[in-house]
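**Student:** Attaching a single structure in structure tokens format; questions to follow.
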Amino acid sequence: MSKKSIAALMLACSASAHAANYDYNQHIEFSYTVDCENGFCANNKYSYQPSVYTPEEPYVMSLKEPELNVEQPALPKYLTVQDGKDWDYLMGQTYTILGLSVATVGLMTLLPESITKWDEDDRDMSELGSKWVDNVSSGPVWDRDEHFLNYIMHPYFGGVYYTAARHAGFNEFESFLYSATMSTFFWEYGVEAFAEVPSWQDIFITPFFGAVVGEIMFETEQDIVAQGGYVMGSKTMGDVSLFFLNPVGHIHGWVSNAWGGSAEFQFASAPWFGNQDAAKFAMDAGASYDNVFYGAEMKIYF
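With the numbering used here, letter number 200 in the sequence shown gets 226, and the count goes up by one each step, no holes.
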């Protein structure tokens, strides 16, 4: 075979081999596993999610950040309204009102007669029981107190009673009944009757005007709370306003948080037999033995 024939044969074989491999689907497998223990692995906080390309919808890149869950600190109980009727909370506030009333009477004994209208006989503590009976049986009367006390302070304190019940989950009418009970029987015919005759103005003005004033105080307080406790851009002014809109709730909350104890108040109609300590204290103070002697007993637990 000549050299030309051999060269032609080799070229033909080479072309046939390339023709046989043309359009042949070759599979190339390539895999790589990242060793997270010895290397760096990105966390899954961000993700890239391209959509399927269409002429109408281009590629979209989405960066998803983890949602931040920042919980707001819970409001104190005296700035919230209970979902249902919380009798225990209302009773606790009532005890606070009792303590504040005793402190108020003590303060009023130090004020001048021109303000309280209490003369020296009214300030005498040696015959409180007989004075209470005389005052209650003599009233009610039209008093001669200052207009500031009758028409500003009494409606305000009626509103204070009212807001105490509203924060404990009671409605408007129930809060009015609580305010009327506290202002009439607890204060007018109770604490204040030891010093003066019950007043017609106080009996009607305190609960009725107090309910109107109290609802305004309650709504105003909730508006301030909803604004973050600010009044005219001032947190200090907001705190002061919130205190005067609900003083009983604030004081009760402060005392409860600082103390953590409990108290019980009990009215006794014959403490001579049930409490020898009270009987001895009363007799040492000059009281005569009497089966119908009335008294009150408060127990404080630490």
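We put the beta carbon where it would ideally sit given N, CA and C, even for glycine. Since the structure is predicted, the reported quantities are computational estimates derived from the model, not experimental observations.
How about N213 and S127: are their beta carbons less than 8 Å apart?
**Tutor:** Residue 213 sits at position 187 when you count from the first residue of the sequence shown. Residue 127 sits at position 101 when you count from the first residue of the sequence shown. Sequence check: residue 213 is Trp here, not Asn. In this structure, S127 lies closer than 8 Å to W213 by Cβ.
**Student:** F211 to F235, Cα distance in whole Å?
**Tutor:** Your numbering for residue 211 matches position 185 in the sequence shown. Your numbering for residue 235 matches position 209 in the sequence shown. Distance between the alpha carbons of F211 and F235: 17 Å.
**Student:** Under 8 Å, do G240 and G155 count as touching if we go by C-beta distance?
**Tutor:** One-based indexing of the sequence shown puts residue 240 at position 214. One-based indexing of the sequence shown puts residue 155 at position 129. Not closer than 8 Å, so no.
**Student:** If distances are taken between C-alpha atoms only, which option among Q227, L136, A129 comes closest to F174?
**Tutor:** If you number the sequence shown from 1, residue 174 lands on position 148. Taking only the C-alpha atoms, the option nearest F174 is Q227.
**Student:** Could you round the C-beta distance between A252 and S205 to whole angstroms and report it? I think they count as a contact, below 8 Å.
**Tutor:** On the sequence shown, position 226 is the one that residue 252 refers to. On the sequence shown, position 179 is the one that residue 205 refers to. So it is not a contact: roughly 24 Å between Cβ atoms.
**Student:** Using the beta-carbon count (16 or more within 10 Å), is V274 buried or exposed?
**Tutor:** Within the sequence shown, residue 274 is the residue found at index 248, counting from 1. Buried is the call here.
**Student:** Just the Cα atoms here: how many angstroms apart are Q248 and T262?
**Tutor:** For this step, residue 248 is matched to residue 222 along the sequence shown. For this step, residue 262 is matched to residue 236 along the sequence shown. Roughly 17 Å between the two C-alpha positions.
**Student:** Which residues in the same chain as S201 place their Cβ atom closer than 6 Å to its Cβ, once the five residues preceding and following it in sequence are excluded?
**Tutor:** Translated into the one-based positions of the sequence shown, residue 201 becomes position 175. Y188, A191, R192, listed in sequence order.
**Student:** Could you tell me the alpha carbon to alpha carbon distance between D114 and T120, rounded to whole angstroms?
**Tutor:** Translated into positions along the sequence shown, residue 114 becomes position 88. Translated into positions along the sequence shown, residue 120 becomes position 94. Between D114 and T120, the C-alpha separation is close to 10 Å.
**Student:** When DSSP builds the beta bridges, which residues end up paired with V257?
**Tutor:** Residue mapping note: residue 257 aligns to position 231 of the sequence shown, counting from 1. V257 pairs with S260.
**Student:** Between S209 and P233, how many whole angstroms is the CB-CB distance? I'm expecting something under 8 Å.
**Tutor:** Here the question's residue 209 lines up with position 183 in the sequence shown. Here the question's residue 233 lines up with position 207 in the sequence shown. So it is a contact: roughly 5 Å between Cβ atoms.
**Student:** Which residues share a DSSP beta bridge with S225?
**Tutor:** Mapped onto the sequence shown, residue 225 falls at position 199. S225 pairs with V167.
**Student:** If you run the structure through DSSP and keep just helix, strand and coil, what is V107?
**Tutor:** Residue numbering aside, residue 107 sits at position 81 when the sequence shown is read from its first letter. If DSSP states are grouped into helix, strand and coil, V107 belongs with coil.
**Student:** In the structure shown, what three-state DSSP assignment does P138 receive?
**Tutor:** Your numbering for residue 138 matches position 112 in the sequence shown. The answer is coil: DSSP assigns P138 none of H, G, I, E or B.
**Student:** CB A194 to CB K111, shorter than 8 Å?
**Tutor:** By one-based count along the sequence shown, residue 194 stands at place 168. By one-based count along the sequence shown, residue 111 stands at place 85. Yes, Cβ-Cβ distance for A194 and K111 is below 8 Å.
**Student:** Beta-carbon within less than 8 Å of Q108's beta-carbon, same chain only, minus the 5 sequence neighbours each way: which residues are those?
**Tutor:** Taking the first residue of the sequence shown as 1, we reach residue 108 at position 82. Y115, H193, A194, G195.
**Student:** For N176, which residues from the same chain have a beta carbon less than 6 Å from its beta carbon, with the 5 sequence-adjacent residues on both sides left out?
**Tutor:** For the purposes of this step, residue 176 is identified with residue 150 of the sequence shown, where counting begins at 1. Closer than 6 Å at Cβ, skipping near neighbours: Q227.
**Student:** Go through its chain and collect everything with a Cβ distance to A100's Cβ below 6 Å, but skip five positions before and after it.
**Tutor:** Along the sequence shown, read from residue 1 onward, the residue named residue 100 stands at position 74. For A100, where only same-chain residues beyond five positions count, there are no Cβ hits under 6 Å.
**Student:** State the Cα-Cα distance for the pair G254 and N272, rounded to the nearest angstrom.
**Tutor:** In the sequence shown, counting from the first residue as 1, residue 254 sits at position 228. In the sequence shown, counting from the first residue as 1, residue 272 sits at position 246. Cα to Cα, G254 sits roughly 17 Å from N272.
**Student:** For F244, which residues from the same chain have a beta carbon less than 6 Å from its beta carbon, with the 5 sequence-adjacent residues on both sides left out?
**Tutor:** As a working note, residue 244 is residue 218 in the sequence shown. Hits under 6 Å: T189, R192.
**Student:** Identify the continuous alpha helix (DSSP H) that holds Y187 and give its terminal residues.
**Tutor:** Reading the sequence shown from its first residue, position 161 is the one you call residue 187. First-last of the alpha helix (DSSP H) with Y187: 180 to 193.
**Student:** Roughly how many angstroms separate the alpha carbons of I123 and M258, rounded to a whole number?
**Tutor:** By one-based count along the sequence shown, residue 123 stands at place 97. By one-based count along the sequence shown, residue 258 stands at place 232. Approximately 31 Å between the Cα atoms of the pair.
**Student:** Applying the 10 Å Cβ sphere with the 16-neighbour rule, what's the burial state of N161?
**Tutor:** As a working mapping, residue 161 is identified with position 135 in the sequence shown. Buried, because 16 or more other Cβ atoms sit within 10 Å of the Cβ of N161.
**Student:** What is the DSSP secondary structure of A100, reduced to helix, strand or coil?
**Tutor:** Locating residue 100 in the sequence shown gives position 74, counting from the first residue. Three-state DSSP puts A100 in coil, outside helix and strand.
**Student:** Tell me where the alpha helix (DSSP H) around Y177 begins and ends.
**Tutor:** Locating residue 177 in the sequence shown gives position 151, counting from the first residue. Element bounds for Y177: n/a, residue is neither H nor E.
**Student:** I need the boundaries of the alpha helix (DSSP H) containing Y215, first residue and last residue.
**Tutor:** Counted from its first residue, the sequence shown places residue 215 at position 189. Per DSSP, Y215 belongs to no alpha helix (DSSP H) and is neither H nor E.
**Student:** What three-state label does DSSP hand N161 in the structure shown?
**Tutor:** Taking the first residue of the sequence shown as 1, we reach residue 161 at position 135. If DSSP states are grouped into helix, strand and coil, N161 belongs with the helices.
**Student:** If we ignore side chains and look at the alpha-carbon of each, how far apart do T135 and T246 end up?
**Tutor:** Within the sequence shown, the letter at position 109 stands for residue 135. Within the sequence shown, the letter at position 220 stands for residue 246. The straight-line gap from Cα to Cα measures roughly 33 Å.
**Student:** State the CB to CB distance for the pair G118 and H278, rounded to an integer number of angstroms; the pair is presumed to be in contact (CB under 8 Å).
**Tutor:** For the purposes of this step, residue 118 is taken as the residue at position 92 of the sequence shown. For the purposes of this step, residue 278 is taken as the residue at position 252 of the sequence shown. Contact flag correct, Cβ pair sits at about 6 Å.
**Student:** Please work out which residues of its chain come closer than 7 Å, Cβ to Cβ, to G264, disregarding the five sequence neighbours upstream and downstream, and give them in chain order.
**Tutor:** The residue you call residue 264 lines up with position 238 of the sequence shown. If we look at G264 and ignore the five residues flanking it on each side, its Cβ neighbours are I250, G255, Y256, V257.
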